[in-house]
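Please read the structure below before turning to the comments.
In the working numbering, the protein residues as written are 162 to 287.
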């Protein structure tokens with residue numbers, strides 16, 4: 162076995178590749194947030210002189226940070242096998258709970274007035 166890997170080395174290599182595939186999107190989004198932070202600092206200290214433009218750039222920065230942070234969490238959930246399975250199960254459960262129609266019963270007219278009697282007066286007093 163001089164040319165090949167042992168079983169534990171092959172397993173470790175496959176685990177490293179799988180982990181790399183899981184974490185690559187979140188690393189990319191972390192890189193994007195770091196670049197955004199560096200660019201906003203450069204803009205604020207060297208380029209922008211107007212207070213309104215500085216505040217607007219800060220708002221844009223925080224919007225980008227929120228989107229990237231949401232993307233990081235989403236990619237971690239999406240690419241992790243166990244968490245993804247649980248999230249899909251939770252989404253299916255929520256979808257069935259929210260989209261479930263309540264059973265409506267059609268009553269004959271004679272039974273409807275017995276369960277919901279017609280008011281005798283217009284006012285609240287009976």
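Glycine included, C-beta positions come from ideal geometry on N, C-alpha and C.
This one's a predicted model, so the numbers in the text were calculated from it and none came from an experiment.
{"query": "Backbone CA spacing between residue 184 and residue 240 [nearest angstrom]", "result": "8 Å"}
{"query": "7 Å Cβ cutoff met for residue 193 and residue 231", "result": "no"}
{"query": "Inter-stretch contact (C-beta, 8 Å, three-pair minimum) for the segment 173–188 and the segment 244–251", "result": "no"}
{"query": "Reduced DSSP secondary structure (H/G/I, E/B, other) of residue 160", "result": "Because the chain is modelled from 162 through 287, residue 160 falls outside the range shown and cannot be assessed."}
{"query": "Buried/exposed call for residue 190, threshold 16 Cβ in 10 Å", "result": "buried"}
{"query": "From 173, 177, 197 and 255, residue whose alpha carbon lies closest to that of residue 221", "result": "197"}
{"query": "For residue 177, the first and last residue of its enclosing alpha helix (DSSP H)", "result": "168–203"}
{"query": "Classification of residue 201 by the beta-carbon crowding that lies within 10 angstroms, buried from 16 upward", "result": "buried"}
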